[in-house]
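Trainee:
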Amino acid sequence: MSEITQVNHTEKKAFLVKSSSLKEVRIFCRDVFAKLQIDQGLKDELVLAIAEAAQNIVKHAYKDSPNQDELMVVKISCEGNKLEIAFYDMGTPVDPKKVKHREIDNVKPGGLGTFFIQEIMDAVEFKDGKKPWINHLVLTKQL
Amino acid sequence: MSYKVTEEGNITTIHLDGEIDMDVTEAAKEKIFPHIDAGKVVHLNLSNVQYMDSSGISVLIESHQKALEKNTKVIIKDVSKSVLKVIMMAKLEQILNLE
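Residue numbers (the numbering used here), protein chains in the order written: chain E, 15 to 157; chain V, 462 to 560.
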């Protein structure tokens, strides 16, 4: 359990949808979590979960229409002890029923990103994206 | 990601440095796989890798499985605490050769 000194805080940033943006996503998250004084262990886990969700957007949301100018937005909000991370993109609509991780005992490359997100976060929810966004993913964690 | 390769007999030691994510996995495979294909025992030193995501974990799994096919092995050495945590989250600490 982390002690949050800055109880209400929101920051968001847009990133190009490409694999080289993932490092920028991590830098953004680490910066926000440092302001929130989240301890290192939890910070590492949250950064991994966020980076995995961003990676899923890069890998899946735009696979049918790769466009170098497409943007995704990551928004981190902390109210009291509730941390909410929202992702917005304009890629192919995600069918939540099809978002599954592989069986963890069936060891093979791939399929772990969604597992990590679910392990780390308390809740993972796909909401209807409001225009201009198509997908709106929300991850929450009680701190 | 940067890297350094040293060879001694049948052992190739590959030191990876930096953060291993989707953006660098192909480069990591290009550094690792040829040594496995050549039948070398590969020591993968991760002491300077502080971050690894699911793509990096996939490289470790793929390297391990490729080595089994080639009757050799990949030994992951000096893994950092933060990367070990991710390996353990994936329940791979008993599958991969960790030293």
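Glycine is no exception: its CB is placed at the ideal position from the N, C-alpha and C atoms.
On a predicted model such as this, the values are computed, not experimentally measured, just so you know.
Figure out for me which residue from R40(E), L50(E), H23(E), E133(E) has the closest Cα to the Cα of M550(V).
Mentor: By 1-based counting over the second sequence, the position of residue 550(V) is 89. Per the Cα distances, E133(E).
Trainee: Taking 8 Å as the threshold, find out whether the region 100-120 of chain E comes into contact with the region 44-53 of chain E through three or more Cβ pairs.
Mentor: no
Trainee: Please work out which residues of its chain come closer than 8 Å, Cβ to Cβ, to M483(V), disregarding the five sequence neighbours upstream and downstream, and give them in chain order.
Mentor: Residue mapping note: residue 483(V) aligns to position 22 of the second sequence, counting from 1. The answer, listed in chain order, is D514, S516.
Trainee: Taking the C-alpha atoms as reference points, what is the distance between E25(E) and V87(E)?
Mentor: If you number the first sequence from 1, residue 25(E) lands on position 11. If you number the first sequence from 1, residue 87(E) lands on position 73. Cα-Cα distance, rounded: 10 Å.
Trainee: Report the rounded CA-to-CA distance for I148(E) versus K490(V), giving the unit in angstroms.
Mentor: Numbered from its first residue, the first sequence carries residue 148(E) at position 134. Numbered from its first residue, the second sequence carries residue 490(V) at position 29. In a straight line, the C-alpha of I148(E) is about 34 Å away from that of K490(V).
Trainee: Tell me which residues of the region 29-47 of chain E have at least one Cβ-Cβ distance to chain V shorter than 8 Å, keeping chain order.
Mentor: S33, S34, L36, K37, R40
Trainee: Using a Cβ-Cβ cut-off of 7 Å (strictly less than) and excluding sequence neighbours within five positions of I18(E), which residues of its own chain qualify?
Mentor: Within the first sequence, residue 18(E) is the residue found at index 4, counting from 1. For I18(E), the pLDDT reaches just 47, beneath the cut-off of 50, and the residue's location in the model is therefore unreliable, leaving the point undetermined.
Trainee: Using 8 Å for Cβ pairs, my map puts F129(E) next to I118(E). What's the rounded Cβ distance?
Mentor: One-based indexing of the first sequence puts residue 129(E) at position 115. One-based indexing of the first sequence puts residue 118(E) at position 104. About 6 Å; that satisfies the 8 Å criterion.
Trainee: Along chain V, in chain order, which residues have C-beta atoms closer than 7 Å to that of K122(E)?
Mentor: Translated into the one-based positions of the first sequence, residue 122(E) becomes position 108. Here the neighbours are I522.
Trainee: Could you tell me which of A499(V), T467(V), G479(V), T473(V) sits nearest to Q511(V), measuring between CA atoms?
Mentor: Here residue 511(V) refers to the residue found at position 50 of the second sequence. It is G479(V) whose Cα lies nearest to the Cα of Q511(V).
Trainee: In chain order, which continuous runs of the alpha helix (DSSP H) of length 4 or greater are located wholly inside the region 17-98 of chain E?
Mentor: 36-49, 54-70
Trainee: If you draw a straight line from the alpha carbon of A13(E) to that of G127(E), how long is it in whole angstroms?
Mentor: This structure gives no information on residue 13(E), because the portion of chain E shown stretches from 15 to 157.
Trainee: Check the Cβ of S543(V) against every Cβ in chain E and list those closer than 7 Å, keeping chain order.
Mentor: Counting from 1 along the second sequence, the entry for residue 543(V) is found at position 82. Scanning chain E for C-beta atoms nearer than 7 Å to the C-beta of S543(V) yields D58, reported in chain order.
Trainee: Given a threshold of 16 other Cβ atoms within 10 Å of its Cβ, counted over all protein chains shown, does G470(V) qualify as buried or as exposed?
Mentor: To locate residue 470(V), count along the second sequence from 1; it is residue 9. Classification for G470(V): exposed.
Trainee: Which residues bound the beta strand (DSSP E) around S519(V)?
Mentor: As a working mapping, residue 519(V) is identified with position 58 in the second sequence. That residue, S519(V), is in no beta strand (DSSP E); its alpha helix (DSSP H) goes 515-530.
Trainee: Any beta carbon of chain E sitting closer than 8 Å to that of D539(V)?
Mentor: Indexing the second sequence from 1 puts residue 539(V) at position 78. The Cβ of D539(V) sits no closer than 8 Å to any Cβ of chain E.
Trainee: How close, in whole Å, do the beta carbons of L85(E) and L30(E) come, if the pair is a contact with beta carbons under 8 Å?
Mentor: In the first sequence, the residue the question calls residue 85(E) occupies position 71. In the first sequence, the residue the question calls residue 30(E) occupies position 16. The pair is a contact, with the Cβ atoms about 6 Å apart (cut-off 8 Å).
Trainee: What residue from I522(V), N509(V), K527(V) has the CA that sits closest to H496(V)'s CA?
Mentor: Here residue 496(V) refers to the residue found at position 35 of the second sequence. When each option's Cα is compared against that of H496(V), the closest is K527(V).
Trainee: Bridge partners for L426(V) per DSSP, in chain order?
Mentor: The displayed coordinates of chain V run from 462 to 560. Any statement about residue 426(V) would go beyond what the structure contains.
Trainee: Which residues, taken in chain order from the region 100-131 of chain E, show a beta carbon closer than 7 Å to some beta carbon of chain V?
Mentor: I118, V121, K122, P123, G124, L126, G127, F130
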